[in-house]
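First up is the structure itself, then whatever we jot down about it.
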Amino acid sequence: MEQTLVLLKPSCIERCLVGQVITRIQQRGIIICGLKMMQLDEKILREHYAHLVDKPFFPGLAASMMASPVIAMVLKGVDVVEVFRKMTGVTNGRKAEPGTLRGDFCMSGQANIIHASDSVENAKIEINRFFRPEEVFDYTPANIAFYYGDGEN
Ligand code: UDP
Ligand code: MG
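Just so you know, we're using our numbering here: the sequence shown kicks off at 102 and counts up by one.
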């Protein structure tokens, strides 16, 4: 099954939305395979947001991502990268559809509560960036037959 990397940003931690976001992940049937709290620094953010380091908003973005610890997660499911990006919603929370995490929980284009990998290739790179191999538990729930039909997973 596919895996994706998720960060609950300081805007999620500080606004006490962690439980609600994790509930939405689990109620969808997405499996949590890794979870930890960590304090990000400039070095990891320059790597993680390499596509944005030259943008004028990068210093503000980096500061917003270091304002508190984050919660990093590895999520697992069939097509989970695409499914979870859809659940996340578009970057600007004010434009995100109601029903998405950003569309339900934030009003900002920067303090938009969550990061999710945008491709299978980037998910692999990002999981390696934030997790050591022994921190990812690729387990299968005992009742997996109730998550997916025969041959689906
Ligand atoms: N961001 C920002 N201003 C912008 C665009 C992006 O502060 O004009 C921040 C925002 O927090 C976003 C992150 O940079 O989530 C990464 O941007 P990206 O375009 O990769 O969006 P995402 O994949 O998070 O939707
Ligand atoms: Mg992105």
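By construction, the Cβ of each residue, glycine as well, lies at the ideal position given by its N, Cα and C atoms.
Top-ranked residue by Cα proximity to V191, from G210, E115 and T124: G210
Under a three-way DSSP split, which group does I133 fall into? strand
Roughly how many angstroms separate the alpha carbons of G161 and R195, rounded to a whole number? 19 Å
Taking one C-beta from the region 197-205 and one from the region 148-165 each time, how about it: are there three or more such pairs within less than 8 Å? no
So is the beta-carbon of D219 under 6 Å away from any non-hydrogen atom of ligand 2? yes
For Q127, does the three-state DSSP call read helix, strand or coil? helix
Please say whether I226 and T189 have beta carbons closer to each other than 7 Å? Result no, Cβ atoms of T189 and I226 do not sit closer than 7 Å.
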